[in-house]
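Some notes on the structure that comes next.
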Amino acid sequence: MSPRLTDWSIALAAMLAFMTGIVSLIAGLPQEWFIFVVLTAAIVLHMFARAKRLRTRDIAGRRRALHFSALLLGGVALWPGQQLAERVLNLPGARQRFTGSREIGSYAGNAFPTSSWVADQPRPIDAQTWRLSLSGAVTTPRDFSYDELVSASDELQATLDCTGGFYSTQRWRGISVRRLLDHAALHADARFVSFISVTSYRWSLPLEEARIALLATHTGEEPLSHEHGFPLRLVSPGRRGFEWVKWITRIEVLTAPDAGQVLSIFTSSFTDAGRGK
Ligand SMILES: Nc1nc2c(c(=O)[nH]1)N[C@H]1C(S)=C(S)[C@@H](COP(=O)(O)O)O[C@H]1N2
Ligand SMILES: [Mo]
């Protein structure tokens, strides 16, 4: 590939990345994965087209060694200084969690940001006709009504942390997955539990981890809003936000990992239900 072409593709990629940044700021769109993919592709392209082999004289010699150690030490020395400055000036970075996310709307019911992996936007769900079905590697598959699930009143405090850059800690209420599974008599070879949305977005957890997760109907004292996944969403402590499936309608017990789930989170927004049809 000619140098010109790669320079153009880098410029284009940088512009795209910049524009998605602006758009997501304005529209509150969620993920930075798109920017990441575009930039990575551009850089890899650039490396193949333009990389020069490292020569010994680029890295050997006293001057070079001094130069590199100074850069390294300088970087290390600057970091605590930057952290301090952030705290003193109360910049947004000061309230960041180790994931880089900033806290918004903890312990305030539905008043925290809402996010989709791509663009899932189902129609509001009527709790009275909605059912949760539990099936797969179980002896007694069955359905549950909203009222049955609400009456369990299990509680779990956990932090939703979206890769889009916010986190929010809530006291969630609903029914624990453990309690739900106790209704179904699992087969001996049950290994995973898959949580499936009306949009076909799905994600699974290993059985033991699933048991400590919660199927939430409420956040704080409020029933979940439609945007936050009413009537039922997964709350999975320690897992990233994209794994907390919203608008769940089916739970399937699996005997092997679900290889198709990764694709499902990218395609669900293009299904009829995902588009609100
Ligand atoms: N069905 C479905 N569930 C989903 C998503 C989605 O697009 N579809 N997005 C996930 C992502 S990326 C995050 S961060 C959380 C956001 O939950 P919130 O809208 O309640 O903040 O929901 C997750 N659950
Ligand atoms: Mo997210």
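Whatever position you read off the sequence shown (first residue = 1), add 165 for the numbering used here. Virtual Cβ for every residue (Gly too), placed ideally from N, Cα, C.
Ranked by how close their Cα comes to the Cα of residue 390, the residues 276, 313, 180 and 206 have 276 in first place. By DSSP's assignment, residue 415 forms a beta bridge with 298 and 361. Excluding sequence positions up to five before and after residue 381, its CB lies within less than 6 Å of the CB of 337, 339, 398 and 400, all in the same chain and listed in chain order. Secondary structure of residue 397 (DSSP, three-state): coil. Only buried fits residue 299, as 16 or more other CB atoms lie within 10 angstroms of its CB. Your pair residue 303 and residue 434 does not check out as a contact, with CB atoms roughly 30 Å apart and the cut at 8 Å.
With a cut-off of 8 Å on Cβ pairs, the stretch 411 to 427 is in contact with the stretch 350 to 364, counting three or more such pairs. With fewer than 16 other Cβ atoms from the protein chains shown falling within 10 Å of its own Cβ, residue 227 counts as exposed.
Linking residue 404 to residue 348 through their CA atoms gives a straight-line distance of about 25 Å. Around the Cβ of residue 329, a 10 Å sphere holds 16 or more other Cβ atoms; the residue is buried. Not one heavy atom of ligand 1 falls within 6 Å of the beta-carbon of residue 442. Judged by DSSP secondary structure, residue 430 falls within the alpha helix (DSSP H) whose first and last residues are 426 to 432. Residue 236 sits exposed, since fewer than 16 C-beta atoms from the chains shown fall within 10 Å of its C-beta.
When the alpha-carbon of residue 345 is set against those of 313, 409, 402 and 392, the nearest one is in 313. Within the DSSP secondary-structure output, residue 340 pairs in a beta bridge with 380. Taking 6 Å as the cut-off, one finds no heavy atom of ligand 2 near enough to the beta carbon of residue 301. Contact between residue 363 and residue 278 is ruled out by a C-beta separation of about 21 Å, above the 8 Å threshold. For residue 280, the shortest separation between its Cβ and any heavy atom of ligand 2 lies below 6 Å. Checking the 6 Å criterion, the Cβ of residue 362 is within range of a heavy atom belonging to ligand 1.
Remark: the C-beta of residue 406 is in contact range of ligand 1, defined as less than 6 Å to any heavy atom. At least one heavy atom of ligand 1 sits closer than 6 Å to the Cβ of residue 393. Per DSSP, the unbroken beta strand (DSSP E) holding residue 371 starts and ends at 367 to 371. Under the three-state reduction of DSSP output, residue 332 falls in the strand class. Shortest Cα-Cα distance from residue 224 to any of 215, 234 and 243 involves 234. One alpha carbon belongs to residue 368, the other to residue 407, and they sit about 9 Å apart.
In the three-state scheme derived from DSSP, where H, G and I count as helix and E and B as strand, residue 248 is classed as helix. One Cα belongs to residue 341, the other to residue 264, and the distance between them is close to 26 Å. Counting along the chain, the unbroken beta strand (DSSP E) around residue 308 starts and ends at 307 to 309.
Judged by beta-carbon spacing, residue 311 lies within the 7 Å limit of residue 396, meaning their Cβ atoms are closer than that value.
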